[in-house]
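Chemist:
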Amino acid sequence: MAISIVLPLVALALSAPAFALHGSAYQKDLISDGKKWDFEWGYSGINTFGHLPHIKCLTNQNTAFDMAVIGVPFDTAVSFRPGARFGPRAIRSASARHLPSRGFNTYAGINPYMDWAKIIDCGDVPVTPFDNDLALKQMTEALTEVGSMPSNPGNPDPPKLLILGGDHSIALPALRALNKVHGQPMAVVHFDAHLDTLHPHSYPSQWSSEQTEYTHGSMFYQAYAAGLVKQNSSIHVGLRTRLTGVDFKDYQHDDTQGYIRLSTEDIDEMGPQGIADAILARVGADTPVYLSIDIDVIDPSICPGTGAPETGGWTMREMNKILRGLREINVVGADIVEVSPAYDDKGEGTGYAAAQIAYEIMTSWVVRGKKTFKKEQADIKTEL
């Protein structure tokens with residue numbers, strides 16, 4: 001008995017100095033490499049998305065990057081509950097757990113934050129809350145400027161923008177900006193409980209003005225009317241809302257604008273991969289795509305923090321699987337909108353869901369861009 005007790009104590013005594021020496025050497029390495037304080041915990045640091053470096057892009061337009069998170073805190077085009085102007089802040093706060101050093105995506109086999117792409121947080125567009133017409137101009141100009149900034153050497157494409165809303169009306173200035181940057185209309189992949197292709201006059205008020213034409217339910221109609229959306233290449237997924245009037249006129253208008261529709265319940269027969277396959281079949285692998293995700297596509301029992309909740313939505317597990325099935329499509333810009341933290345639960349589940357969606361989008365961008373980036377790097381070396 002005595003021997004069995006003594007032997008572990010001897011082993012511990014012998015190993016302790018070795019451990020102490022190793023720890024001391026490791027600490028010296030950190031100090032000599034200048035890394036003594038070069039880290040963050042999930043709960044510490046400045047509130048950028050995923051602890052990404054912050055560059056105020058609108059005042060530093062010579063900065064080169066490959067992908068950027070940019071907030072658009074605007075919510076004065078809503079028809080029900082406001083509060084999405086605080087969405088960018090809530091999503092960034094929830095993303096604090098996304099430390100770059102712990103960002104390896106086991107489903108993709110990469111860490112999007114530590115791969116070929118330079119990803120930054122551009123901060124927010126300082127958009128006015130007092131004049132929607134002016135706000136629309138501000139958002140369009142700001143997103144055009146950021147989208148026109150240079151990419152890093154070896155990346156032949158313009159930077160990709162991940163836009164944090166804000167209400168869903170911000171998709172219109174985003175599409176205007178992307179059309180200018182890429183020189184062509186976009187296919188739209190639209191995750192939402194609602195159509196958002198409504199004619200502005202479909203709302204019940206008989207009062208109208210130029211500013212009432214711009215709403216979070218009519219921005220895709222406006223984009224279609226302006227020629228910003230590629231014909232017969234777009235798709236709604238996750239629909240489950242009521243329509244206006246007494247018939248299917250909203251669907252008829254939607255057909256005219258070149259969309260096809262998948263309801264929330266279609267997933268019961270198709271499965272998440274079937275939904276992803278239908279999207280890919282619609283838009284193809286090369287067409288420039290604008291990916292627009294209203295958080296109300298997720299069931300409000302999971303994501304209550306939104307302005308126009310509709311019961312019967314998807315789970316985040318289903319959403320993640322669908323997004324992972326879309327890595328072959330050519331998404332050039334994306335938004336995550338309608339996060340209204342004032343209505344969220346105590347655990348801030350809506351913010352966490354939106355942050356996860358953002359992470360999956362960036363992962364897909366890095367995976368798809370990896371092939372092009374490696375080819376360009378090889379071509380540069382060959383020229384040298």
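Numbering of the sequence shown is given in the UniProt record's numbering, commencing with residue 1 and proceeding in unit increments.
Backbone N, C-alpha and C fix where the C-beta goes; we use that ideal spot for every residue, glycine too.
(1) Which parts of the stretch 213-268 are runs of the alpha helix (DSSP H), unbroken and 4 residues or longer, counting only runs that do not cross its ends?
(2) Thinking C-alpha only, which one of 272, 248, 191, 312 is nearest residue 290?
(3) Using 8 angstroms as the threshold, is the C-beta distance between residue 274 and residue 298 below it?
(4) What residue ranges within the stretch 277-362 form continuous alpha helix (DSSP H) runs of no fewer than 4 residues, ordered along the chain?
(5) Using C-beta distances below 7 angstroms, list every residue in its chain close to residue 159, excluding the 5 sequence neighbours before and after it, in chain order.
(6) Quick check: the Cα distance between residue 285 and residue 266, rounded to an integer number of angstroms?
(7) Check whether the Cβ atoms of residue 145 and residue 52 lie closer than 8 angstroms to each other.
(8) If you check the beta carbons only, do residue 373 and residue 41 fall under 8 angstroms apart?
(9) Does the pairing of the stretch 159-176 with the stretch 328-342 give three or more beta-carbon distances under 8 angstroms?
(10) Threshold first: 3 residues or longer. Then list the beta strand (DSSP E) segments lying entirely within the stretch 19-101, N to C.
(11) Round the Cβ separation of residue 360 and residue 295 to the nearest angstrom and send it over; I've been treating them as touching at under 8 angstroms.
(12) Could you check where the beta strand (DSSP E) with residue 133 kicks off and where it finishes?
(13) Taking just the CA atoms, how far does residue 264 sit from residue 279?
(14) Output needed for residue 327: all residues of its chain with C-beta closer than 7 angstroms, excluding positions within five of it in sequence on either side, in chain order.
(15) If we ignore side chains and look at the alpha-carbon of each, how far apart do residue 241 and residue 310 end up?
(16) Please identify the residue among 227, 306, 131 whose C-alpha is closest to the C-alpha of residue 193.
(17) Please name the residue in 60, 130, 195 whose C-alpha comes closest to that of residue 123.
(18) Using the C-alpha atoms, what's the distance from residue 82 back to residue 197?
(19) Taking its Cβ as the centre, do 16 or more other Cβ atoms sit within 10 Å of residue 101, making it buried, or is it exposed?
(20) Going by the beta-carbon positions, is the gap between residue 167 and residue 90 smaller than 8 angstroms?
(21) Rounded to whole angstroms, what is the Cα-Cα separation between residue 322 and residue 277?
(22) Comparing alpha-carbon positions, which option in 114, 171, 88, 346 lies nearest residue 104?
Modeler: So, from the listed chains and residues:
(1) Taking only runs of at least 4 residues, the alpha helix (DSSP H) segments lying wholly in the stretch 213-268 are 219-225, 249-256.
(2) The residue labelled residue 290 in the question sits at position 290 within the sequence shown. The candidate whose alpha carbon is nearest that of residue 290 is 191.
(3) Position 274 of the sequence shown, counting from 1, holds the residue named residue 274. Position 298 of the sequence shown, counting from 1, holds the residue named residue 298. Cβ distance not < 8 angstroms, so residue 274 and residue 298 don't count as in contact.
(4) For the alpha helix (DSSP H) assignment, the uninterrupted runs of no fewer than 4 residues enclosed by the stretch 277-362 are, from N- to C-terminal side, 316-324.
(5) Translated into positions along the sequence shown, residue 159 becomes position 159. So the list reads 65, 66, 67, 68, 147, 149, 151, once near-sequence residues are dropped.
(6) Sequence index remark: in the sequence shown, residue 285 carries index 285 (1-based). Sequence index remark: in the sequence shown, residue 266 carries index 266 (1-based). Cα-Cα distance, rounded: 23 angstroms.
(7) Start at 1 with the first residue of the sequence shown, and residue 145 comes out as number 145. Start at 1 with the first residue of the sequence shown, and residue 52 comes out as number 52. Contact: no.
(8) The residue labelled residue 373 in the question sits at position 373 within the sequence shown. The residue labelled residue 41 in the question sits at position 41 within the sequence shown. For residue 373 and residue 41, no; Cβs fall outside 8 angstroms.
(9) By the Cβ criterion, the stretch 159-176 is in contact with the stretch 328-342, since at least three pairs of Cβ atoms, one from each stretch, lie closer than 8 angstroms.
(10) 67-72, all fully within the stretch 19-101.
(11) Working through the sequence shown from its first residue, we reach residue 360 at position 360. Working through the sequence shown from its first residue, we reach residue 295 at position 295. Not quite, the Cβ-Cβ distance comes to about 14 angstroms (not below 8 angstroms), so this is no contact.
(12) Position 133 of the sequence shown, counted from the start, is the residue given in the question as residue 133. Segment 132-147 is the alpha helix (DSSP H) holding residue 133; no beta strand (DSSP E) there.
(13) The residue you call residue 279 lines up with position 279 of the sequence shown. The residue you call residue 264 lines up with position 264 of the sequence shown. Cα-Cα distance, rounded: 14 angstroms.
(14) As a first step, residue 327 must be located in the sequence shown, where it is residue number 327. Cβ within range, chain order: 364, 367, 368.
(15) For the purposes of this step, residue 241 is identified with residue 241 of the sequence shown, where counting begins at 1. For the purposes of this step, residue 310 is identified with residue 310 of the sequence shown, where counting begins at 1. Going from the Cα of residue 241 to the Cα of residue 310 covers about 7 angstroms.
(16) One-based indexing of the sequence shown puts residue 193 at position 193. Among 227, 306, 131, the Cα nearest to that of residue 193 is on 306.
(17) Numbered from its first residue, the sequence shown carries residue 123 at position 123. Answer by Cα proximity: 60.
(18) The residue given as residue 197 occupies position 197 in the sequence shown. The residue given as residue 82 occupies position 82 in the sequence shown. A straight-line Cα-Cα distance of about 20 angstroms links residue 197 and residue 82.
(19) Mapped onto the sequence shown, residue 101 falls at position 101. Counting the other CB atoms within 10 Å of its CB gives residue 101 a total below 16, which places it among the exposed residues.
(20) By 1-based counting over the sequence shown, the position of residue 167 is 167. By 1-based counting over the sequence shown, the position of residue 90 is 90. Not in contact: residue 167 and residue 90 (Cβ atoms no closer than 8 angstroms).
(21) On the sequence shown, position 322 is the one that residue 322 refers to. On the sequence shown, position 277 is the one that residue 277 refers to. Near 9 angstroms, if we compare the C-alpha coordinates of residue 277 and residue 322.
(22) Counting from 1 along the sequence shown, the entry for residue 104 is found at position 104. Nearest option by C-alpha distance: 114.
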